[in-house]
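In what follows, a structure is listed as structure tokens, so that the remarks can point back to it.
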Amino acid sequence: MLTRNVTDEKIKVATLVTKLSTDAHALLKQLTAPEKITDKKYSDLTDLMAKQLKPKPSEAMERCTFHMAKQNPNEKIADYVARLKKLALHCNFDKLNDSLRDQLVCGLSDTDTKIKLFEEKDLTLAKALEISIARESAVKNATSTSNALDSKVSKSNMYYTQSNPQQGGQGHATKNGAAHSKRQQQQQRPRQQQQQHQQKQRGSDSKSGVQCYCCGKPNHISRECRYRKYVCRACNKKGHLERVCKKSGNEVKNIRSLPESDNEREYETNFFSIKQYGTEINDHDAAKLYKHETDSGITPMFITINVNSVNINFEIDSSTYHTVISEQLYKEILANVNMINTKRSLKAYDGHPLTPIGELCNLTAVFKNKTISASCYVMPGPGPALVGRQWLTQFGVWPLIVPEVHSIKEIVSRENLCDYIRNKYKVLFDDSPGMYNKSLTKIHMRDDVCPIALKCRHVALALKPLVEKEIEKLVSLKHLKPVQVSEWATPIVPVLKGNGEIRICGDFKLTLNPHIIIDKYPLHSIDDILAKLQGGVHFSELDLKHAYMQFPVDEESSNLLTIVTHKGLYKYTKIPEGVSPAPADVQRKMDECLLGVDGAIAYLDNIYVTGKTEAEHIRNLEMVCEKLAECNLRLNLKKCHFMIPRLEVLGYVIDATGLHKSKSKVQAMVDAPRPSTTKELSSFLGLVNFYARFLENRSTKLKPLYDLLNGKLQKWNNECEIAFKWVKNKLIAPDCLAHYDPSKKIILACDASDYGL
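So that you can map any letter, position 547 of the sequence shown is 547 in UniProt numbering, and since no number is skipped, the others follow by simple counting.
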């Protein structure tokens, strides 16, 4: 109304009634009854509808929601403030900025930022926002530069020992928090008292300052603390150690501080599988709290192995070749086994030398009904029993991604995954020809078709040896079968491949294809593939060996697929390329083969697999391989790719973020010269139309080019040049179409172009 400067009440009312839907018009009629709609003013009608459809929200409820709003994890401060402003729309605060300031301070997730804001006098919303965003940026920059420091405290699943040369005792700490014996605690008390006395002396020389609430140590703040990502075993919250946890009753001021050099001297790795050891942590904390963010919620992998008629729960350690047990475990359950001296020297992950106290030989180990004769080493002190790759290989459960373990804890590298798939599903990659065993393909011909037999085409002398070699190869693979006579005979077209070999193709468009009843089964579009792979992080691509040559045909169809060569007649026993129903038939069979497998889709002889996590990806990949093996199909390992970050499919690139344009295909369009003929212009627009989904306002922007193509323009003008450059710039832009996510807000844009759809 405002844009058209409509002031007449009757016109405004009439326009409103015209724009209303049937249901809305009926509702408005009920609201104005017994009066007529036309007797009301435009403002009265809009007020009636607003009160009915959007009643005024409860101020108390809106304020309650506002005061309950806290900053979410990973939510930026600017986004949090924007959310607060939206929540405050119907709160009717007298001083909106003061309310926003108060809730910003109360709802911040970072305590250090809160402290800084509390220290400010005459704090305003603008000043609070400025300080908060500045600290947020500083923390982000500091975190990015401290990744190397954080990595130094990452832990393996194994334990370490703490030695005290002065007392001669030992205290052992395990990652799972095993308690110390009473005798060990008594040995440690004098040393702890001595250390506390030394700490008091050092405290007088240290600089004064705030203590970190993450670990209790002085002279640094929480965001610089290496323990800020640890999980407390007392309250199960991330960000501090148990020794400073309020829930456990500990206070920061009572925490002793060890210098770096003392800590490095006291803690020595005493097991070969320790990757790295920590600093600035006492034995009590190590036993209960040594839990890094990357290990949160992840338990070690265990298998039970019967050793000399005794069941031992072994922790799987894929980082070592040897199997070891602790001295304590040996004395408890295997003391009857003779331990011999050994000169073998083991090394920890960081190269630290480790010396076993002995070796147990000729042990009888049983796992999953498989018995082996093996040996293991005995390490000093207590600790878990660790089974290495030597035993796992003998049991046939290495690599570790096996059904016997029933768990995948870590992502495997691309190379390991490839080896694992190849070893577990050897039948998929052997040299035998694949043969789909669920059904035979039948070619349906039209009625009253006369057989067509054409003569053999001349083959260049240079290609004859290659053609003959390929024919012999196909006969040996049972793809071709020689025949004496045939009513049908199709000449061949030899195609030279990039590797120097020949591909033999029948020219069926001259014989069979015009008379075949076409299979209407649809092939998958890029949208189907994108939807199936939605949510994937990594992708795997499998390629069927010999393409369609793994799908057998019935005898009648085989007679139709006879080719004529300079060596005579041969008939295909499997579907060849070039036959019109082949793609649809293969697509149907592949869909039936992969039925029920999530995160996997086949496009003809290519199979794409993904998963929302690495573990899910591997499970889906295993299910696909099992389905293929069940159908007796074969894969070409050289063309298979595992755990790759992106896929190139049908001229597009798919990755975790969504759909992208293929650089190679785009480059051909960008390098195309300006069209000089109608045919060249038509070809260029056809190529551009392939990526139409990436070109916003395409119909409007490219109208001059289409006018030139349709004859509305007689020559290339400046508008055509602008459109030509615009489309090239859009093609090289790094645009991405995100995966469809039903959990996110969907905006439907329905405005059509003035010139086309």
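Built from N, CA and C at the ideal position, the CB exists for glycine as well.
Distances from the CA of N97 to each of I115, P73, L117, L129 were compared; the closest alpha carbon is that of L129. Excluding its 5 nearest sequence neighbours in each direction, K331 has no C-beta neighbour in its own chain below 6 Å.
Distances from the CA of T441 to each of E556, M379, G506 were compared; the closest alpha carbon is that of E556. By alpha-carbon distance to D528, the top candidate from P465, I601, L560 is I601. The DSSP-derived three-state label of F642 is strand.
As a beta-bridge residue in DSSP terms, N313 pairs with T304. The beta carbon of P34 sits closer than 7 Å to no other beta carbon from its chain once the five residues preceding and following it are set aside. Counting every other CB atom within 10 Å of its CB across the protein chains shown gives S540 a total of 16 or more, marking it as buried.
In the structure shown, C361 falls within a strand segment according to DSSP collapsed to helix, strand and coil. A buried status is given to D317, since no fewer than 16 other beta-carbon atoms sit within 10 Å of its beta-carbon. Counting the other Cβ atoms within 10 Å of the Cβ of Q71 gives 16 or more, which makes it buried.
G611 places its beta carbon less than 8 Å from that of G536.
Bounds of the beta strand (DSSP E) holding P482 are 480-483. The alpha carbon of S486 has as its nearest neighbour, out of E622, S373, L561, H617, the alpha carbon of L561. One Cα belongs to S326, the other to D591, and the distance between them is close to 53 Å. Residue environment: F118 is assigned as exposed (fewer than 16 neighbouring CB atoms within 10 Å of its CB, all protein chains considered).
The DSSP-derived three-state label of L108 is coil. Annotated three-state conformation of A672 is coil, per DSSP.
Distance from W488 to P465 at the Cβ level is roughly 27 Å; contact not present, criterion being Cβ atoms closer than 8 Å. Rounded to whole angstroms, the separation of the alpha carbons of D94 and T124 is 15 Å. Under DSSP, M339 takes part in a beta bridge, and its partners are L360.
Within the UniProt domain "CCHC-type" (212-226), no run of alpha helix (DSSP H) reaches 4 residues while sitting entirely inside it.
If you look at N689, you'll find it isn't in any beta strand (DSSP E); it sits in the alpha helix (DSSP H) that goes 678-690. For A128, the secondary structure class from DSSP, reduced to helix, strand or coil, is helix. Here the C-alpha atom of D655 lies approximately 22 Å from the C-alpha atom of L523.
Around the Cβ of K469, a 10 Å sphere holds fewer than 16 other Cβ atoms; the residue is exposed. Measuring C-alpha to C-alpha distances from R226 to each of C212, N362, L628, L709 identifies C212 as the nearest.
Take the alpha-carbon of V553 and the one of K574: they are about 5 Å apart. In this structure, T323 places its C-beta atom within 8 Å of the C-beta atom of V387.
Shortest Cα-Cα distance from V666 to any of N729, K545, C505, R698 involves N729. Nearest to D419 by C-alpha distance, out of K638, Y521, K744, is K638. Secondary structure of P382 (DSSP, three-state): coil. Between the C-alpha atoms of Q52 and D8 there is a straight-line separation of about 25 Å. Residue pairing by DSSP places F539 opposite T610, I644 in a beta bridge. Closest in C-alpha terms to M61, from the list D39, P482, T46, L87, comes L87. For D655, the enclosing beta strand (DSSP E) begins and ends at 652-655.
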